[in-house]
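For the sequence shown, the working numbering assigns the number 2 to the initial residue and increments by one for each residue that follows.
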Amino acid sequence: MHVRAATALRSVICRALTIVLAALAVLSSIAPVQAFADDSSQPVKTVRVGWLVNNEGFQDGTPGERLSGWGYEYLQTLSYYTPGWRYEYVSGTFTELLDMLEAGEIDLMPNISYSEERAQKLLFSSNPEGTERYFIYAKPDRDDLAKGDPQALQGLTIGCNPGVMQTFVGQQWLANEGITCTYKEINTGGALFDALANNEVDAIIMNDTTSSPSASPMFYIGSSDYYFAVPKSRPDLMDDINAAMSAIARVNPRYIDEVKSNYSAQNSGSSSLNGPERSWLKTNDNTIALGYITGRLPYCNEDENGEMEGSLASLATTLHDKFGITVKTVAFDSYKMMSKALSKGSIDVALPVYRDYWFAEQSGVVQSVSLGTISLTAIHTGSDLNKDLQNIACTKSSFVNKMHLKVCSPQRP
């Protein structure tokens, strides 16, 4: 919502800047590849890169087949800026690949935490590839652990990967908390989550690189930066990496955050119900009354059969199919009517609504995480935006009501 002319101008500038940056991103990703391809004298560098097996989210798939994961995407982007690089993927566990890297049997590994011991044999990128956060994960139904008391970990069996930074950090954290437990070493991240799902362990120590719908982060235990690493015998590769990382950062300083967010473990466990949620459903006959605004396609609408349709209708379908929850949908013509129904308890959930924490507090309701993002724009015919904003019209089913408009446009009477 444009409140002042200066704000509108900044918006135009930002949009123009966004377009320019997007164009630069496209050009910079194409130009290096074309330059290398057109230059027949450009030598090809075959780079043997470590590929972690069974590491969902970070490096998915088997070499020779379709590969994905945020670690894979970063490697591909890196290769767009490195002269003549061609990857040869070598599979193995973390311990196996690190040994091969130190011996010069492979040329590159991403996501390596720095230590003085490792620095004796390896070269690390000048800047971190990113920051890795470490957690103790457990099943979402472990209500005893969800209370946040570390003492609930006493006597449990905790799975961990051998020889990795997250395990060192996690075991030190547990020792500092006075926790006595049994450790079970498991070689890969995927196998670690499988062991948790199969009740072979009570909890696991893992980073936020990989995720699983059957695990929730219960305790934050620390973090560390991670880097690209090559053998000391390959300073040429490290020169390429440092230059490429700088080029990527110039185009998009938040590149790593954005690519990682697509695969991050930040939503681990969100597809499972926790204790309070299960208790609420039991009390309410496993039924949710969901109110929505009709005529708000593509988000939601009431079809000719009185059923909810639109993109948000999939939410009701997922709740039923995944959790067996009965969802009763109730259509409303206006946000005012829907808000009253929510306040009276006639419905349990209302959507879609404009996110406003102050308004939610005044209304006595709580808000979920965002389901999506929209842009609000003021359309006016006069030459004085500030004057025009003193007389605003909106439909009764608009995402923003009168209270929101007063906040967005305080000069409006």
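Note that beta-carbon positions come from the ideal geometry of N, C-alpha and C, so glycine has one too.
Since we're looking at a predicted model, the values are computed, not measured.
Item, Value
"Only counting the same chain, and skipping five residues up and downstream in sequence, which positions put a Cβ closer than 6 angstroms to that of L109?", "V48, V50, V231"
"With DSSP collapsed to three states, give me the class of E221.", "In the sequence as presented, Glu is not what sits at residue 221; that position holds Tyr. Three-state result, Y221: strand."
"Would F333 and T382 be called neighbours here (beta carbons separated by less than 8 angstroms)?", "no"
"Could you spell out where the alpha helix (DSSP H) holding A361 opens and where it closes?", "358–364"
"Check T318 in the structure and name its three-state DSSP category.", "helix"
"Evaluate R235 with the Cβ neighbour count: other Cβ atoms within 10 Å of its Cβ, from every protein chain shown; 16 or more gives buried, anything less gives exposed.", "buried"
"Can the beta-carbon of F194 be found closer than 8 angstroms to that of P111?", "no"
"Let's see if you can read the secondary structure: which residues bound the beta strand (DSSP E) around G93?", "86–93"
"Nearest-angstrom Cα distance between C395 and L282?", "37 angstroms"
"Is Q167 helix, strand or coil by DSSP?", "helix"
"Which two residues bound the contiguous alpha helix (DSSP H) that contains I242?", "236–252"
"Count the other CB atoms, across all protein chains shown, that sit within 10 Å of the CB of Q167; report buried if there are 16 or more and exposed otherwise.", "buried"
"Check whether the segment 156–176 and the segment 199–212 are in contact - that is, three or more C-beta pairs closer than 8 angstroms.", "yes"
"What do you get for D322, buried or exposed, if any count of 16 or more other CB atoms within 10 angstroms of its CB means buried?", "exposed"
"Closest by CA to M239, which one among S80, P254, I289?", "S80"
"Cα separation between V331 and L291?", "6 angstroms"
"Can you look up G70 in the DSSP assignment and give me helix, strand or coil?", "coil"
"Note down the Cα distance separating T132 from S369, rounded to an integer number of angstroms.", "27 angstroms"
"My output table needs one value for Y336: the three-state DSSP class, helix, strand or coil.", "helix"
"One question on the structure: do Y256 and W71 come within less than 8 angstroms of each other, judged by their Cβ atoms?", "no"
"Within the same chain, show all residues whose beta-carbon is closer than 8 angstroms to that of N1, passing over the 5 residues directly before and after it, in chain order.", "Summary: the structure shown does not reach residue 1, with the chain confined to residues 2 through 414, and so no result is reported for it."
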